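To keep things clear, I will list the structure first and then write my remarks on it.
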Amino acid sequence: MSYPDLKDKSVIVTASGNGIGKSSAIEFARHGAKVIVSDIREDLAEATTQAIHEAGGTAKTVIADVTDFDQVKALIDAAVGEYGRLDILMNVAGGAFPMPFDTTPLEVDHNILALNLHSVIYGTKAALPVMLEQGQGVILNTSSGAGIGAVNGLATYGAAKAGTQALSRSIAAEFGKRGIRAVTIAPGAMDTPGLRSWADTLEGGYDAFSAKQPSGRCGTAEEIAKAAVFLASDQASFINGNTIPVDGAIHAILAAPV
Ligand SMILES: NC(=O)c1ccc[n+]([C@@H]2O[C@H](COP(=O)([O-])OP(=O)(O)OC[C@H]3O[C@@H](n4cnc5c(N)ncnc54)[C@H](O)[C@@H]3O)[C@@H](O)[C@H]2O)c1
């Protein structure tokens, strides 16, 4: 068994049809966890579940749109129905649509908030009663460098991602005594299908974008997945309410005075 041992832990990973979610679901399974692979796209989620099965792991697909509370609640219920408990909820679903704030239609701002922040509130609200009843549970949220410092074109996305950090802090403070940990991972620029499709529209494409990063490259989804497994495990038992950048030093650049 790979260390740390998550044998028999029940885990949901949202948006695990692709990118960070997919790598995280596979990594949790590699450490012995029983995984609910969830995405809005059934074909992508099924491919992840298949990959876990082929590697000898345990996984089941549950389709859910994280912007709809009823679907998120059904997702939590499905995990408890399948595995009898829910130890870890990793809220990954989100996405950025870079555009200038002043010309972004309000409807787009609402969609960005729904996908990146309401989804995390929904997941936390639905999972918390189960975890409190168990007296134990970990909620991992996915923020961004844009939730730590300013990134042009990502104002509303940054506000939503900063909100995920605030939510984690509040949940940790309010429910820490009852066995709950809530931790936020703040990825930097990671090589995922979502990031590539945007970076390829820039001058020089993905390769030029990647080379400009402070560590000379984008990160891999697996690098987030490894941090996620550690943070969800008992090895991280006193890490609560924190935001952990996994970003090849982007937070240092964002925090630098201009
Ligand atoms: N890739 C990066 O550089 C980067 C950097 C910082 C933060 N993040 C954050 O990490 C998370 C994952 O990013 P990624 O690049 O791996 O994503 P991605 O774009 O590669 O994949 C996103 C997945 O989310 C699914 N999805 C989209 N809408 C959904 C919905 N409403 N409900 C459920 N699933 C939905 C898609 O089907 C897809 O499988 C996001 O929250 C993103 O904001 C990514």
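The sequence shown begins at 168 in my numbering and counts up by one. By construction, the Cβ of each residue, glycine as well, lies at the ideal position given by its N, Cα and C atoms. Fair warning: this is a prediction, and the values are worked out from it, not measured in the lab.
In the DSSP assignment, find the unbroken alpha helix (DSSP H) run with residue i in it and report its ends.
i, result
"T291", "286-301"
"L273", "273-280"
Answer yes or no: the CB of residue i versus the heavy atoms of ligand 1, is any distance below 7 Å?
i, result
"T351", "no"
"M266", "no"
"P360", "yes"
"R208", "yes"
"V259", "yes"
"D367", "no"
"T291", "no"
"P171", "no"
"A200", "no"
"S311", "yes"
"P283", "Position check: residue 283 holds Asn in this sequence, whereas Pro was assumed. For ligand 1, at least one heavy atom lies less than 7 Å from the Cβ of N283."
"A388", "yes"
"V318", "no"
"M357", "yes"
"A226", "no"
"N278", "no"
Taking the beta strand (DSSP E) that residue i belongs to, which residues open and close that run?
i, result
"I391", "No beta strand (DSSP E) contains I391, which is instead part of the alpha helix (DSSP H) from 388-399."
"T351", "347-354"
"L307", "304-309"
"P412", "410-413"
"V178", "177-180"
Can you tell me which of the options puts its alpha carbon nearest to the alpha carbon of residue i?
i, options, result
"G314", "Q402, I288, A263, K292", "A263"
"V259", "F342, S311, D244", "S311"
"T323", "K344, Y373, P272", "P272"
"D237", "G343, H285, N185, A388", "H285"
"I306", "G184, A196, S404, R384", "S404"
"N283", "Q301, T234, G316, A293", "T234"
"V204", "L321, K189, K176", "K189"
"D232", "S191, Y289, L334, S382", "Y289"
"D172", "A416, D210, L398", "L398"
"P296", "P267, T359, D254", "D254"
"L334", "D210, N407, I187", "N407"
"S183", "P381, S191, I243", "S191"
"A356", "Q303, L421, A329", "L421"
"P265", "I347, L362, I193", "L362"
"G261", "V202, A353, D175, L242", "A353"
"E300", "H277, A327, I347", "I347"
Exposed or buried, what is residue i when buried is set at 16 or more other beta-carbons lying within 10 Å of its beta-carbon?
i, result
"Q402", "exposed"
"K379", "exposed"
"N308", "buried"
"T270", "exposed"
"P412", "buried"
"A476", "As displayed, the chain neither begins before 168 nor continues past 425, which places residue 476 out of reach and without an answer."
"P267", "exposed"
"R208", "exposed"
"Q508", "Here the chain has residues from 168 to 425 only, and residue 508 is not among them."
"Y170", "exposed"
"V229", "buried"
Taking only heavy atoms of ligand 3 into account, decide whether any of them is closer than 7 Å to the Cβ of residue i.
i, result
"V233", "This structure lacks ligand 3; its bound ligands are ligand 1."
(request) Any chance you could list the beta strand (DSSP E) runs of at least 3 consecutive residues sitting entirely within the region 197-250, in chain order? (result) Whole beta strand (DSSP E) segments, 3+ residues: 201-206, 225-230.
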